[in-house]
Each structure stands twice: as C-alpha cells, then as structure tokens.
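Be aware that the sequence shown starts at 67, since it is given in the numbering used here, and climbs by one per residue.
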Amino acid sequence: MNAKKFLPVAATAIAAAIALAGCGASGGSSSSGTSMPGMDHGSSSSSASSPAAAADHNAADVMFAQTMIPHHAQAVEMSDMILKKQDIPADVTALATRIKDAQGPEIEKMTGWLKGWGEPTQAPTGHSMDGMMGADDMTKLEAAQGVEAAKLFLTQMIAHHQGAVTMAKTETTDGKDAAAVQLSKDIVSAQEAEIKEMQTLLATL
Numbered sequence: 067m068n069a070k071k072f073l074p075v076a077a078t079a080i081a082a083a084i085a086l087a088g089c090g091a092s093g094g095s096s097s098s099g100t101s102m103p104g105m106d107h108g109s110s111s112s113s114a115s116s117p118a119a120a121a122d123h124n125a126a127d128v129m130f131a132q133t134m135i136p137h138h139a140q141a142v143e144m145s146d147m148i149l150k151k152q153d154i155p156a157d158v159t160a161l162a163t164r165i166k167d168a169q170g171p172e173i174e175k176m177t178g179w180l181k182g183w184g185e186p187t188q189a190p191t192g193h194s195m196d197g198m199m200g201a202d203d204m205t206k207l208e209a210a211q212g213v214e215a216a217k218l219f220l221t222q223m224i225a226h227h228q229g230a231v232t233m234a235k236t237e238t239t240d241g242k243d244a245a246a247v248q249l250s251k252d253i254v255s256a257q258e259a260e261i262k263e264m265q266t267l268l269a270t271l
C-alpha cells in the first residue's frame with residue numbers, strides 16, 4: 067500500500083478539520099475523554115492565545131499546525147469509516163475509537179493556536195504531507211468489509227501514523243512555541259506506540 071502525499075482528498079480532510087474545530091476551538095481544550103499514554107495534552111496550550119504566546123512562535127510551528135490539522139482529520143475520517151462497519155474485531159474498533167477521541171480535540175487545539183497567532187488555518191496549496199491517503203485508498207477502505215476492512219485500516223493507519231511521526235519530529239527539532247513542541251513530542255510518543263500495537267494486531271488477523 068503506497069502512502070500518498072497531499073492529494074485532492076486532503077480537501078475533504080481540511081473541511082472536516084474546520085468542522086471539528088468549530089467556533090469554540092481554543093488552545094486550551096482538553097485532549098480526550100478517553101486517555102492513553104502520550105495523548106493527554108490538555109494543559110500544554112493554556113497561554114496560546116495571549117499576546118506574548120502569539121509572538122513566541124515561528125514558521126515551523128505554523129506549518130506543523132496547518133499540516134497536522136488535515137492529517138489528523140483524515141485519521142478521524144478513516145476511524146469513522148471502520149467504526150461504521152460490521153464484523154470488525156473489537157480490538158480494531160477500540161483502537162479506532164481512541165484515535166478519533168485523541169485527534170479530534172487536537173485538531174481544535176491546533177486550530178486555536180493558528181487563530182491566536184493570526185495565521186491561516188489551512189496549509190499553502192500543494193504542500194505535501196507524509197502518510198496521507200489518496201482518494202483511491204479512501205475508496206478502497208470505504209468499500210472493504212469484515213476482516214479485510216480491518217486489515218486494510220491497520221495497514222493504512224500504520225503508514226498514516228508513520229507520516230505523522232515524521233512531521234512531528236520536524237516540529238520537535240525546528241519549532242519554537244512551547245505548547246506546539248510539546249504536542250509534537252506527545253504525538254511521536256503516542257503514535258509510535260500505536261504503530262507497534264497495530265503491527266501486532268495485523269499479525270493476528
């Protein structure tokens with residue numbers, strides 16, 4: 067399975083991200099009602115909307131948030147797809163639920179940062195994002211059923227997570243905003259653990 071770069075399907079992810087963020091998005095939103103190691107980021111952005119915090123960021127922080135929002139939104143979309151299907155192993159649906167519960171609030175958080183910084187919430191047109199699924203990939207996932215759907219979801223999400231880890235590590239190295247850098251570290255920790263979990267699950271199917 068080839069992990070695609072930024073393709074037209076990302077427009078759907080961006081629209082979903084904006085819808086998830088809504089008018090109530092802020093830098094201080096809680097991470098998730100269903101917590102997992104590395105995903106509790108609720109306190110990391112409490113000052114993101116203050117004037118001092120707005121000035122204390124750089125281009126890497128902006129690009130991290132702008133690209134991770136649609137990246138997360140696609141992960142939520144993929145999770146929604148698998149959760150709507152019948153005969154999916156319980157461990158896979160539990161994982162999909164955790165991904166959705168963690169990444170939805172993170173979309174709101176990053177959207178709040180961008181608004182607080184006075185930056186656009188969308189990445190520049192044509193900017194590539196590691197691990198993004200193409201339109202064909204999403205169509206295949208939507209059409210798949212049962213165990214085959216579970217296998218495809220895990221295979222795609224492993225590649226998707228690997229892309230997110232690469233993007234997050236760039237922010238860890240190049241970012242300036244403390245909350246954004248902390249989130250990038252949390253994403254690496256959580257998603258590397260989920261990659262191992264998904265590889266184990268995939269081997270059992």
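Quick reminder that beta carbons are idealized off the backbone N, C-alpha and C, glycines included.
_Other residues of its chain near proline 103: CB distance less than 8 Å, five sequence neighbours each side excluded_ = Position 37 of the sequence shown holds residue 103. Caution is warranted here: a pLDDT of 34 is assigned to proline 103, below 50, making its placement in the model unreliable, and no coordinate value can be reported.
*Skipping 5 residues on each side, what residues in its chain have a beta carbon closer than 6 Å to that of threonine 187?*
Here residue 187 refers to the residue found at position 121 when the sequence shown is read from its first residue. Thr177, Leu180.
_CA nearest to the CA of aspartate 167, picked from Met204, Ser145, Gly192_ = The residue you call residue 167 lines up with position 101 of the sequence shown. Measuring from the Cα of aspartate 167, the nearest candidate turns out to be Ser145.
*asked:* Quick check on proline 190: buried or exposed, where buried means 16 or more other Cβ atoms within 10 Å of its Cβ?
replied: Taking the sequence shown and counting its residues from 1, one reaches residue 190 at position 124. When all chains shown are included, proline 190 counts as exposed.
*Between the Cα of glutamine 169 and the Cα atoms of Leu271, Asp252, Phe219, which residue gives the shortest distance?*
As a position in the sequence shown, residue 169 is number 103, starting the count at 1. For glutamine 169, the nearest C-alpha among the options comes from Asp252.
*Inspect the beta-carbon positions of alanine 230 and leucine 249 and report whether they are closer than 9 Å.*
The residue you call residue 230 lines up with position 164 of the sequence shown. The residue you call residue 249 lines up with position 183 of the sequence shown. No, these two residues do not count as a Cβ contact at 9 Å.
_Helix, strand or coil for methionine 199? Go by DSSP, reduced to three states._
Looking up residue 199 in the sequence shown gives position 133. Methionine 199: coil per DSSP, three-state reduction.
*With DSSP collapsed to three states, give me the class of lysine 189.*
As a working mapping, residue 189 is identified with position 123 in the sequence shown. In the sequence as displayed, the identity of residue 189 is alanine instead of lysine. In this structure, alanine 189 counts as coil in the three-state DSSP scheme.
*Would you give the residue range spanned by the alpha helix (DSSP H) that leucine 271 belongs to?*
In the sequence shown, the residue the question calls residue 271 occupies position 205. Looking at the DSSP string, leucine 271 is not in any alpha helix (DSSP H), and its letter there is neither H nor E.
_Within 9 Å, strictly: CB atoms of lysine 206 and leucine 218_ = Counting from 1 along the sequence shown, the entry for residue 206 is found at position 140. Counting from 1 along the sequence shown, the entry for residue 218 is found at position 152. Cβ distance < 9 Å, so lysine 206 and leucine 218 count as in contact.
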